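Mature numbering (1 follows the signal peptide of the UniProt record, and there is no 0) puts the sequence shown at residues -20 to -1, 1 to 199. C-beta atoms are modelled at their ideal positions from N, C-alpha and C, and glycine is treated no differently. Keep in mind that this is a model prediction, so the values were computed, not measured.
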Amino acid sequence: MTRKTPAALILLMTLNGCQAHSPQTPEDTGEMPYGKWQFDFFTPHALPADVTRALIIDSEDVVYTFSTLDYTESDPAVVGTWNNRTGSRSIRFNKARHPPAMMLFCWDSVIDKKTYETRIVFHRSIHDTMMTPTGKDRLGNTAWYKTLLIGLAPEGKVRIWLRSSAAGDNLPVEPRRLTTLSGDKLDACKGITNHSQGYGYTKTTREFIKDKTYPYGRW
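Here it is as structure tokens:
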């Protein structure tokens, strides 16, 4: 959902020590050459997490708030450490009009049994990367880095990549600033959880972590 929400804009920019600008409606800002980009959360195999809320400020100061997000899936190929080959899927909700400038999201780490609040400030260069063709996809169409992959791991660890619509490795993204909070340090995400009655592990998770040492890999 896209909203002209100065309060949300000021909140995120204030949290990240940035100067706020007036937000714009999408109609004021044009569009990407390929339409909307998408973002996709995932976890390592059998180490589940749920993203419950998200707020994005894009490079044109459009503010997006998300209370409904696509399901956070685990990647069975990610065991023990990240790799650069995680794919994406069909995304319904997690979309925005212009490359991200800032992002805040709330997530429940089921494996850690706690809520985290992650704040990201992106370098301006991500805009140029997402606006530059990467070649051709399998159908011969122009390929772009138009999917932001966000990996969520134990200990509140977060990693970011851009995935091209062409084949190949994902491109690691190093943000200008990434902060993850939990416990009494939660601010925007305080009280936001899908697990108010507590956390439980599935049989798959219980069997996977048996005889393994937390955090079950290097993240």
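Non-local beta-carbon contacts of P79 in its own chain, meaning distances under 6 Å to residues more than five positions away in sequence, involve S39, I106, H107, M110 in chain order. A straight line joining the alpha-carbon of K93 with that of P24 spans about 16 Å. The C-beta distance from A29 to T52 rounds to 6 Å, short enough to fall under 8 Å. Each of Y14, D164, H103, T185 was checked against the Cα of R157, and the nearest Cα belongs to H103. The segment 60 to 69 makes contact with the segment 120 to 135: 3 or more CB pairs, one atom from each, lie closer than 8 Å. Contact fails between the segment 142 to 149 and the segment 80 to 89, because fewer than three Cβ pairs, one in each stretch, are under 8 Å apart. A buried status is given to K126, since no fewer than 16 other beta-carbon atoms sit within 10 Å of its beta-carbon.
Counting along the chain, D30 sits inside the beta strand (DSSP E) bounded by residues 29 to 38.
Taken through DSSP and simplified to helix, strand or coil, R186 comes out as helix. Residue burial is scored here from C-beta neighbours: A123 has at least 16 other C-beta atoms within 10 angstroms and is therefore classed as buried.
The alpha-carbon of G15 is positioned some 7 Å away from that of R77. DSSP places T95 in the uninterrupted beta strand (DSSP E) bounded by 94 to 101.
Shortest Cα-Cα distance from D164 to any of S47, Y96, T32, L27 involves Y96. For T160, the enclosing beta strand (DSSP E) starts and ends at 157 to 162.
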